[in-house]
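Participant: Before I ask anything, here is the structure I am working with.
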Amino acid sequence: MPRAGLTAAAVTEAAAELADEVGLAHLSMGLVAERLSVKPPSLYKHVDGHADLVHRIAVLAATELGDALRDATQGRAGTDALVAAARAMRTYVTTHPGRYAAGNNVRPLAPDDDLTRARQRTLESFSAVLRGYDLDPTDEVHALRTLRSMLHGFATLEAEGSFRFDTDIDESFTWMLTLVDRGLQATS
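Shown next, in the form of structure tokens:
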């Protein structure tokens, strides 16, 4: 009989928190069961195993990131929207590195997968940011890929503690955003 109050969503949230704490690579069903004070077999009443659990974390992460980007950029355009989106993504990645990693490492299982829909929300927010730059439509995909790549790279490196120079990381972040903003303005 399933433990009262234990649901797939509760298992997913506990696993996502653990992934943020110990890293996605170290996440195991045993650790999740320990966190929830149950035996590992009890988890299989709610999720279909480790791969299913990581997929659920990926959907959660993509949804949360999409919401954060939407909320940060709503009512903003141009440079203001770019800065707001960049800060929202940086904050999400550095606060939730394990679940963000799941969001990037898992592939959709089918065309109608919840993960596809959740990721689309993120892309829509970034696309809205780029609309403020009046880009040629043929350049929009390139700009979208560039923006996501730069923000992903910076935030992931920061979350991993890979910036080793004494220079202030916030200054580097601002410098990068200025470079991106000027580049986008120059191409429009």
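Numbering (the UniProt record's numbering), first residue to last: 1 to 188.
Built from N, CA and C at the ideal position, the CB exists for glycine as well.
For clarity, every value in this text was computed on a predicted model and none was experimentally measured.
1) So Ala86 packs on Leu177, CB below 8 Å; how close in whole Å?
2) Does the Cβ of Gly30 have 16 or more other Cβ atoms within 10 Å, making it buried, or fewer, making it exposed?
3) Under 8 Å, with one C-beta from each stretch per pair, do the stretch 25-43 and the stretch 4-13 reach the 3-pair mark?
4) Does the stretch 39-47 touch the stretch 75-85, meaning 3 or more C-beta pairs lie closer than 8 Å?
5) When the Cα atoms are used, what is the spatial distance from Asp139 to Thr146?
6) How would you write the range of the alpha helix (DSSP H) that Tyr100 sits in, first residue to last?
7) Could you tell me whether the stretch 95-114 touches the stretch 165-172, using the rule of 3 or more Cβ pairs below 8 Å?
8) Nearest CA to the CA of Glu17: which residue from Asn104, Leu179 and Pro97?
9) Using CA atoms only, rank isn't needed, just tell me which of Ser125, Asp136, Asp181 and His152 is closest to Asp71.
Facilitator: Checking against the coordinates, here is how it stands:
1) Indexing the sequence shown from 1 puts residue 86 at position 86. Indexing the sequence shown from 1 puts residue 177 at position 177. Sure, about 5 Å apart at Cβ, within 8 Å.
2) For this step, residue 30 is matched to residue 30 along the sequence shown. Counting Cβ neighbours within 10 Å, Gly30 comes out exposed, since fewer than 16 surround it.
3) yes
4) no
5) Numbered from 1 along the sequence shown, position 139 holds the residue referred to as residue 139. Numbered from 1 along the sequence shown, position 146 holds the residue referred to as residue 146. About 11 Å.
6) Within the sequence shown, residue 100 is the residue found at index 100, counting from 1. Taken as a continuous stretch (DSSP letters only), the alpha helix (DSSP H) holding Tyr100 covers Pro97 to Asn105.
7) no
8) For the purposes of this step, residue 17 is taken as the residue at position 17 of the sequence shown. Per the Cα distances, Pro97.
9) As a working note, residue 71 is residue 71 in the sequence shown. Among Ser125, Asp136, Asp181 and His152, the Cα nearest to that of Asp71 belongs to Ser125.
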